[in-house]
Each structure stands twice: as structure tokens, then as C-alpha cells.
Amino acid sequence: MSGAALSIYVHLPYCARKCHYCDFNSRPAAAAERARYLEALKTEIDRRAETLGGSSLGTVFFGGGTPTVYEGEELAEVLDAVTAAASPPPVVRTPSSAHEAPPPPAPPPPGPASDAGLAGEGGRTASPSFVCRTGFQPVSRSVEITCEANPETVDVAKLRTMREAGFNRISIGAQSFDERELTMLGRGHSAEQTEDAVQAARDAGFEHVSLDLIYALPGQTVEGWRTSLLRALALQPEHVSAYGLELAEGTPLHARHEAGEIEPPEDAEHLAMRELTQELCGQAGLLRYEISNYALPGRECAHNMTYWRNEPYLGFGAGAWSYLDGVRSANLREPVAYCEAIEAGESPQAFAERLEPDDALAEVLMMGLRMTEGLAVEALKRAFGEERVCALLARAEPLAQMGLVALGDGRVRLTADGEPLHGEVCVRLV
Amino acid sequence: MATESTTGNQATVRKVPQQNVRNFCIVAHIDHGKSTLADRLLEVCGNVEEASEQMLDSMDLERERGITIKSSAVRLFYEADDGDLYQLNLIDTPGHVDFSYEVSRSLQACEGAVVLVDVSQGVEAQTVANIYLALDAELEIIPVVNKIDIPNIEPEMALSEIEEAFGYHPDEVILTSGKSGVGVHELLEAIVKRVPPPDEDADAPLRAMIFDSEFDVHQGVIAYVRVFEGSIKPGDEIMMMSSGKRFEVNRVGVFSPAMIDIDELCAGNVGYVTAGIKGVTESRVGDTITGAKRRAEKPLPGYREAQPMVFCGLYPVENVDFEALKDALDKLSLNDAALTYERETSAALGFGFRCGFLGLLHMEIVQERLEREYDLNLVATAPSVIYHIKLSSGEVVQVHNPAQFPERELIESIEEPVVHATVMCPQKYIGRVMMVSEERRGAYLRQEYIWGDRLALHYRLPLAEIIVDYFDALKSATRGYATLDYEMAGYAPEKLVKVELLINGDPVDALAIICHQDYAEDRGRRIAKRLKQEIPRQLFEVRLQASIGSRIVASTRISPLRRNVTEKCYGGDVTRKRKLLERQKEGKRRMKAVGNVQVPQEAFMSILRLSDDD
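Chains L and D are the protein sequences, given in the same order. According to our numbering, the stretch in the first sequence is residues 425 to 854, in order. According to our numbering, the stretch in the second sequence is residues 11 to 624, in order.
This is the structure in C-alpha cells:
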């Protein structure tokens, strides 16, 4: 992984209410459970200090649930735990010079940050730390530290606390700007509250605001989507995630669809909305860099890119996944079970899988092809060997002829036609 | 099959005089409890400590489908009420109409037949057929009403049916339950008392009939034989009377049900012979074994070569598996003399084999064994019968592949195989049976009352219709009450045409069928409609057309797949999404590429199995 910095994901599974489309590991809970969880989370982070200690910190992402059901101070405590764990005395740099400075040389490879590596490896803590891509300390602008938020759970005060604690990117779940759609989705806020939340984020000093939106909703027209999207873009977000609605099994919307009460738009209309998204975002300067993600150049979500580029990450919290040294693992999904494990001094890990080369390649492809940049053929060859990659390219050839895959300048990527068929292309490539 | 050591077991072999030997079989309609009852007999006679489920059925498939494919023979010792020790040779028979020839050979090896009737089902078409077969073989028949443990069902109904249909007084009928063991003792006594001992000449030249055979990798063929005259022992040189092929006997013995070697298998007895025979095609069911030096003048009557009736193409989904398929067929045929196969090339499917089977069940069993035991991923084309086609040149050709049907202009006339079908059902379903039969070009012959409101309807039907869905249609039209038996009844002229299916304008040979010209258009439309459901959306539009000759009779389209993408995919989704990808990949692996269109395996067969919705 080219000595890449380690990205940290922190899962906060609670929310004020469960939205009608949501199949995430999230649910409402009483204050006592939320407090208990916070303690467990900090304990887990502290315990992993030695895994973290030798690595440079890449990005931090607080996801949920709705992390902002917690107070700003509580979130700050968790972030402090992360930075403390990752932080033997930081190398101090002068911010002004570092701003222009080229990235410092990569540190010596941290060595296998083994899962079992909790037993102290004394030597490692002495190695230089916090050598981030841009050469900044973690709690600075250049290490992207995101927190997800719902409009009704934030105000300027809370956001300011967060900003001061080091969060520098806020991802707001707007979803729609149409009140009827918001009701159908089971959201707990109005369009106006979203606008207020964005303003509050700006006032609190957030220079990087992302909005989550959902389109292809039952009953939605292309024009309806245009209205919603334009209202979102009017808030001048640096980043937009626009997802076509997926009816996940077990959700109320899925059940209503099964019952024949609601019907999402046909494929053609769905694709038209998708094209409109690209067009309008483009006019606002936001370029698509992933299947559902748009950003001002340079404001792509660095944290999510680690997933798509298959770089290592470490997850904390219930159901959080990690990917370290070719091993994917996940914590216990249920928050209470997670807390119990942590409190008992046990590992909260519920699943771990070392990937075979074919599986690893499948994942690299599946994730990498989501990005407009695609995958570098040479890098693939280095990682997976000439033979596997050549076989892959041979399978890609007919797809290229169909205009779904572009092969050129040493990269494999999906074309505009190929993007909505990402799944089909992957099945044919692996 | 486990082989017990010769010396260790010979001590336990008990000799009984010839007049205390009884050779019998159990014949029954499917599911009438034959295997369970046979197991119970084994248990009572002390052959096994405790009967494990259906031990006579040795193949997994047989157990799963609850049917006996290979017959077996087991020797039982029974101490009767008269104080004498009897040797009972139980010959198990296959229970499906596809294997009626095998049944007839098994019957030939016996002097008596136990005919089972399920107390809840009564006399069924196959019961009748089996009784007639047994009577033809001049067997003593012991009628049995089985499964009397089923609560709330009195045997009177079944007893009256038996009396009405075959004239057996209820007093002659034994009531049993294979499950609880009730009546098993009475049945054994009846076998001892009613079935005559074999009347054989031990000094005449050897005549032994093969009623089954099985291939074993270590010993070659194990031939199941009934010795009628003379005797057979290791070291003897024997000869197959149909082929003149000679072999030296390695072992003879009996099944207990494990194999136990004995010194000599004498006239009147049932057992096995191994003689380094390389494949079951050299040890054909019904053939007579005689001595190579001291030959019998005539073979035992009734031998005929197994004739495949139903043909289909078997193709590997991946062309590279062709050799593996060939190996598997070679191996399977060592154990299945009725299976034929020859190389075939399809423009759509590549290299494969045209395989011949006794019937549909046989076909399904072979296919399943190839996929399960040999791990092959196959496409089977819709089954076909053999057509006799007279060309305008006067030449007559036999065609069993629709793809090779001659051009219409070259055909003078066509004949297709027909069967005589007997359908039995309660009277109230007679109208539906007639409708189902007539829709399938059946010609009504006659009907008769078997008992009470139970009728037998006789039809002449094209075999081609039987292999499509006749039985399924009968079952659903009669809520499962109809039973079917059929026998081949020669060839009959018919106005038949080839219906072809075109994918994106190209005819697909593997999707062609032969059908009656009056139904051809409708069939073409329904096939196109069905394939539209079977073939998943592709990345491009797919045009499906049906044609008769050069005339397009149906046309439809499969709109292209335009969207298949996970909208949200982050760190926690990777594993789940990859596994989903693997499943989709597996689904793709079960598709055959026809040109650039991915066609699921099932689609090829589906063109024959059209439902009313199609």
C-alpha cells in the first residue's frame, strides 16, 4: 500500500429516528446506552493505540447513524482519543511553510500493523509519526476529518465546538428539498432546516461542506429532482453525494414497494435524473469523481477514496470494518454486544477474512472502477502479477468494444455508459 | 459394495434343498412402499441387525427420488412355521415405466411375484401393467395391500379393487405394513406356501439369464444372474449367447445383501458372476450365459437390446469441458447399457453429444449423475424422438435431432413413434383426461371399468407428446389421481414441421423443435414468449423470432439492461458486495453463450415445457 497513511473510521450507530429507506447499522437509543457506547468506543480506540502509533494518520471519518445525536463535546472527546492514540509527540512543523511544502518522504513502512499486534512493539513508537500526505499535523486543515450530521441535530454552537476540536468537513444528510419526499423518506427535518444547517456550518468555520441527496424516489420526476438539486447547489457545497434510491430489504419503503403502494421511476427516467445530476453539478463546478459523488476539484472525499483505492483503514465501533494487511475484519454489529465485549476486556471482532489474490483483485476492481480515475494497469500488475491482469484485460476487451470500458493511457475505467452498468461490468471482469 | 472374505463367510452359507428355494420379486407402483417392505423382510430374516432406510437402493439418486433404478437380488433364510429352513431369493425391480424391459427380465428370474398395492392409492395403471407382466411370465402372484398402518384408511376399498380388477379373493390378499412390520410374517409364509420351488435341471448345459448388471472399478462387471439350467463356478469359461463373447469366471456368489462368494451357483438359484467383463454393454440385461465348451442349444427367450427412445444433446457450458464430458459418458455407460451417445456439433452450442435414453426419467437421471458425480456444468437440449423421414428421392432417413431435419421441400412423408398409453383414473376425471390426451394428439382406443368408479382409458399417442408433459398434464388435470403406463406401438405417419427459433436473426439449432403443423404457429409464439422470460436482459437489445420454414410466425424483443449499479459503496460494503458479485458470477457460469447472447441452461429445455401462461 505504498506506505500509505492509515484512515480511521468511527461508527456512531445511534440516530433520532430510523429513516424509511435506511438499512444501515443504526437505531435510536436511550441516553444511557449512548453514553455507555461512547465509553466503550474510547476504550477500543485507546487499546488500538499501538497499532496506530507507528502509522501516519490519513483521514478520519465519523459516520453513523447520526453522529451528531451526540453533543459536540462528546464527539470532540472521541476525536481526541483518536488523535491521542495515533499520536506520540507530533513532529512540529511551521504551518506557513508546510502549506507549500512538497509531501515529506514516506516513512519507513510501518511493518505489518497486525491485528494481533496489541502486544507492545516498543520500537515502533519511536518512528516518525503523522507524516500525512500534506505534511500537516492531524488536527489541522489538511488531514480531512469528517463528521456526518443531520440538519435537525446541529446548531452553530455544536458545530463550532466540533470545528474547534478538529473536524474540518461536515457531511449533511439533506436527501431532498421537497417536503413530501422528506416525509416519505421518514426524515426528521424540513428543507429549510437543511439550509439553516449549512449556514450554521459555514458560520462555525466549516470550509468543506458535503450534502447527501437521494433521487429516483417514487413519484419523483426529472423536473422535481432538478428543483431539489438546484436548491442544494444554491448552498454552494464543496461536495455532493447523490444516490439513486435503492430499496433495501427490510426497510419500510421496500415493504411499501412490495405491497404495490409505491413505484420508483423506470430505468430510463432514473438514468435521465442521473445525467441531470452530472449536468447541474458540473455547472456548479462539482465534477463527478465516483459513481455517486461530485466535488470541486481537490475537494474529493479523501476518506472515501481510501475505500475505493483499496487502501488500509481501521474502524472503531459497533459493526465497523477494518482493512489492514490484506485482512478484512468487522466488529460486532449490535451496539450493546459490542459494549459488553469491550467492557469484558474482550476483542469486539466478529469477523475476519484474509483475502485470496483473486478475491483481492475482485475487490480492487469493484471498488476502483467506481472512480472516474479507474485503475492503473501497471499498479495492478505489480500487485497481482502479469498473468492475472492480462487475463483481466482480455475480458475487458469485449466490454471496451461495447463502449462500457475505456482502456488507454495505462488505465482501466468505466465510460459514461459503463458507469450505470458497473455491476454488470464487474461480473464480466472478475 | 463391500466384499466379504470368501473363507470367513462360507462357513455361514447354509445349504437348503432345491424344494426349499423360492425366487420371488416385489412389484409395485412408485411410492407404494416396496423398498420399505423389502427392508423389513431383510430385517425379519436376520440379514441385517436393523434395517437402515431402504438398503436395497444403493445409489444416492435412488434414495433421493425414492425409486429403484438398479434392481438387486438378496438371499434370505427363513425358518417357516412348518419347521423347515427356506432360502428366499428376493429380486428387487425398478419401479418406473422407462425400465419396463428390466422389470420383465427380473420377473423372468422368479417363480413368484408379490404385487403391492398402497392402501390409500389402490390399484394403479402400473399395478395393472405389472400384474400382466407377471402373469405373462407365468408367476404365482401374491397380492398385498401395504401401508395399512396409515390411520383412518380401511383396506376394504383396495381389497375390492384387487378383487374386481384381478379376481383375487380378499382372503388371498395379505395385509402388511412395511413401516410397522405388521403382516410380514404372513407374507413370508405365503411366499413359502404359494410360490413353487424352481424346477430346474442341474445337469443340463448352463443357461443363466442376466437380469441386471453393475460395473465395479475393481472387478469389472458384476452380472446378476438367475441360473435356470446347469451350474456355474469360478474357473468356468462362459459365453454370452447374444454376442458369442467368452470370459473366464472369477467369482460367483450371493447377496446377503453384501456380496458373499460361494463355490458354485446351481440351477434354480440367483446370485452374481464376475468374469473380468469390461463394461455392462458386454453383459446385457436379458442375455443368456452358457458354457463356452458345453453350450446350450438355445438362449432363454425374451432377450432384446435396450433401445433408446428419447434423445437429447448434452453440451458442456464451457467448451473446454468436452473431454471431461466424454470421459464421464464413457464411465457412466460402463454401468448403463441403455445409454447411447455419439459426438455432435451444434452451431450454437459447440461440441457435445447426442445421447439416447430409455425415457425421460432415464434422461434426467443420467444428466443429474453427470452434473453431480462428475461435476459437469451442462446444457441439455429439448428431448426428441426418432423420426422416420421418407425423402422425395425415395430414401428413408432416421432423424432424432430437429436440427438435422431435412428441408421441407425434400420431404415426402414423416412417421413418428407412437405408444399405447393406459391411463387410470376415477370416473369423474374422464373428461379432463380425454381433453389432455386429445390436445396432445391422442387417438382414443377404448375404455374399461377396473373397479367401482375407476376407469382405464386407452389411447394411442405420439411418443413425442409423452416426453413433453403428458404425465404432468394428466396429474394436474386429475389432482394427482391419474396413473400412466405405456408401451411402444410402432410408427405412424403425421404432418410434422420444424419450428425454429432465431436470436437476433440467426436460427439457433439447439432451440429447434418438431411439432404438428396445426400447432406449429401457436407453439412458435409460445416458445418466443417463454424465452423472453428465460433469457435475462443483455447489454443490447435481443430480438427473438420463431419461424416455420422461411415464414416468421412470432417476434418479440428483450429490452437491454441499462442500469445495474450499487449506488452507495464504502468500506463496510466491500465484503458483502464481493460475495454478491461471486454469486452473480456463478449465475453467469450457468449460462451458455449463443453468439453473444447469454442463455440460461434451463432455457433450452423450457421450450418443450410450456405452461398455459406461455
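Glycine residues also receive a C-beta, built at the ideal position from the N, C-alpha and C atoms. Remember, predicted model here, so these are calculated numbers, not experimental data.
Write down every uninterrupted run of the beta strand (DSSP E) in the stretch 527–590 of chain D whose length is 3 residues or greater and which is fully enclosed by it, in chain order. Qualifying beta strand (DSSP E) stretches, in chain order: 552–558, 561–568.
For a cutoff of 7 Å on Cβ pairs, would you count ASN140 (chain D) as touching chain L? With 7 Å as the cut-off, ASN140 (chain D) does not count as an interface residue toward chain L.
Chain L within 7 Å of ASN4 (chain D), Cβ atoms only: Residue 4 (chain D) lies beyond the range of chain D shown here (11 to 624); nothing can be said about it.
Quick check on DSSP: helix, strand or coil for LEU471 (chain D)? Strand.
Suppose the cutoff is 6 Å on Cβ atoms and the five residues either side in sequence are ignored; what does the same chain contact list for GLN437 (chain D) look like? Non-local beta-carbon contacts of GLN437 (chain D) in its own chain, meaning distances under 6 Å to residues more than five positions away in sequence, involve ASP463, LEU465 in chain order.
Span separating the alpha-carbon of VAL137 (chain D) from that of MET319 (chain D): Just to set this straight, residue 137 (chain D) is Thr in the shown sequence, not Val. As the crow flies, the alpha-carbon of THR137 (chain D) is around 23 Å from that of MET319 (chain D).
Taking 8 Å as the limit between beta carbons, can you name the residues of its chain near VAL259 (chain D), skipping five residues before and five after? Here the set comprises ILE242, LYS243, PRO244, GLY245, ASP246, GLU247, ILE248, VAL283, THR284, ALA285.
Straight-line CA distance for LYS303 (chain D) to LEU98 (chain D)? Cα-Cα distance, rounded: 31 Å.
Is any beta-carbon of chain D found at less than 7 Å from that of VAL829 (chain L)? Contacts with chain D at 7 Å (Cβ-Cβ) do not include VAL829 (chain L).
Exposure label - PHE614 (chain D); buried when at least 16 CB within 10 Å: Counting Cβ neighbours within 10 Å, PHE614 (chain D) comes out buried, since at least 16 surround it.
What ranges does the beta strand (DSSP E) occupy inside the stretch 220–289 of chain D, keeping only unbroken runs of at least 3 residues that lie completely in it? The qualifying runs are 230–239, 247–250, 256–258, 261–265, 269–272, 280–284.
Measuring alpha carbon to alpha carbon, tell me which residue in L:LEU659, L:LEU606, L:ASP602, L:LEU641 is nearest ARG626 (chain L). For ARG626 (chain L), the closest alpha carbon among the candidates L:LEU659, L:LEU606, L:ASP602, L:LEU641 is that of L:LEU659.
Sequence-distant residues of its chain with Cβ nearer than 7 Å to LYS25 (chain D) (five each side left out): Counting only Cβ-Cβ distances below 7 Å, and skipping sequence neighbours, we find nothing.
Determine whether the beta carbon atoms of GLY188 (chain D) and LEU52 (chain D) lie at a separation below 7 Å. Not closer than 7 Å, so no.
So does the stretch 423–430 of chain D actually touch the stretch 496–507 of chain D, counting three or more Cβ pairs closer than 8 Å? Contact between the stretch 423–430 of chain D and the stretch 496–507 of chain D is present, because at least three Cβ pairs lie under 8 Å.
Spell out whether any CB of chain D is found under 7 Å from the CB atom of TYR461 (chain L). Not closer than 7 Å to any Cβ of chain D, the Cβ of TYR461 (chain L) fails to qualify, so no.
Quick check on GLN623 (chain L): buried or exposed, where buried means 16 or more other Cβ atoms within 10 Å of its Cβ? Around the beta carbon of GLN623 (chain L), fewer than 16 other beta carbons sit within 10 angstroms, so the residue counts as exposed.
Does the beta carbon of GLU577 (chain D) come closer than 7 Å to any beta carbon on chain L? Against chain L, the CB of GLU577 (chain D) has a partner CB under 7 Å away; the residue lies at that interface.
Using a C-beta cutoff of 7 Å, does CYS850 (chain L) count as contacting chain D? Yes, contact with chain D.
Secondary structure, beta strand (DSSP E): runs of 3+ residues fully inside the stretch 771–813 of chain L: You should have 773–778.
Using 8 Å for Cβ pairs, my map puts ASN30 (chain D) next to PRO207 (chain D). What's the rounded Cβ distance? About 7 Å; that satisfies the 8 Å criterion.
How do the stretch 548–555 of chain D and the stretch 570–580 of chain D stand: do at least 3 beta-carbon pairs fall below 8 Å, yes or no? Output reads yes: the stretch 570–580 of chain D touches the stretch 548–555 of chain D.
Which word fits ASN734 (chain L), buried or exposed, when buried means at least 16 other C-beta atoms lie within 10 angstroms of its C-beta? Looking at its Cβ environment, which holds 16 or more other Cβ atoms inside 10 Å, ASN734 (chain L) is buried.
Which residues, in order along the stretch 790–806 of chain L, keep a beta-carbon less than 7 Å from a beta-carbon of chain D? Among the residues of the stretch 790–806 of chain L, those with a Cβ less than 7 Å away from any Cβ of chain D are MET790, MET791, ARG794, in the order of the chain.
Whose CA, out of D:SER253, D:THR432, D:ALA530, lies closest to the CA of ASN140 (chain D)? For the set D:SER253, D:THR432, D:ALA530, the Cα lying nearest the Cα of ASN140 (chain D) is the one of D:THR432.
Counting Cβ pairs, one atom from each stretch, are 3 or more of them under 8 Å apart for the stretch 323–343 of chain D and the stretch 379–390 of chain D? Contact between the stretch 323–343 of chain D and the stretch 379–390 of chain D is present: three or more C-beta pairs spanning the two stretches fall below 8 Å.
Using the Cα positions of VAL484 (chain L) and ALA774 (chain L), report the straight-line distance between them to the nearest angstrom. If you take the alpha carbons of VAL484 (chain L) and ALA774 (chain L), they lie about 23 Å apart.
Rounded C-alpha distance that separates PRO781 (chain L) from ARG261 (chain D): One Cα belongs to PRO781 (chain L), the other to ARG261 (chain D), and the distance between them is close to 54 Å.
If you measure between the beta carbons of VAL133 (chain D) and VAL154 (chain D), is that distance less than 7 Å? Not closer than 7 Å, so no.
Does DSSP put THR103 (chain D) in a helix, in a strand, or in coil? Coil, per DSSP.
Between TRP745 (chain L) and the rest of its own chain, which residues show a CB-CB distance below 6 Å, the 5 nearest in sequence each way excluded? Around TRP745 (chain L), the same chain offers GLY739, ALA754 as residues with beta carbons nearer than 6 Å, after the five sequence neighbours per side are excluded.
VAL389 (chain D) at chain L interface by Cβ criterion, 7 Å: VAL389 (chain D) does not count as touching chain L.
Quick one: which chain D residues come within Cβ less than 8 Å of ARG752 (chain L)? Residues of chain D passing the Cβ test: VAL584, THR585.
Interfacial residues, the stretch 481–503 of chain L to chain D, with Cβ spacing under 7 Å: Nothing from the stretch 481–503 of chain L brings a Cβ to less than 7 Å from some Cβ of chain D.
CA-CA distance, GLU758 (chain L) and THR490 (chain L)? If you draw a straight line from the Cα of GLU758 (chain L) to the Cα of THR490 (chain L), it comes to about 16 Å.
Is it the case that the stretch 593–611 of chain L contacts the stretch 631–648 of chain L, given that we only count it when at least three CB pairs across the two stretches are under 8 Å? Contact between the stretch 631–648 of chain L and the stretch 593–611 of chain L is present, because at least three Cβ pairs lie under 8 Å.
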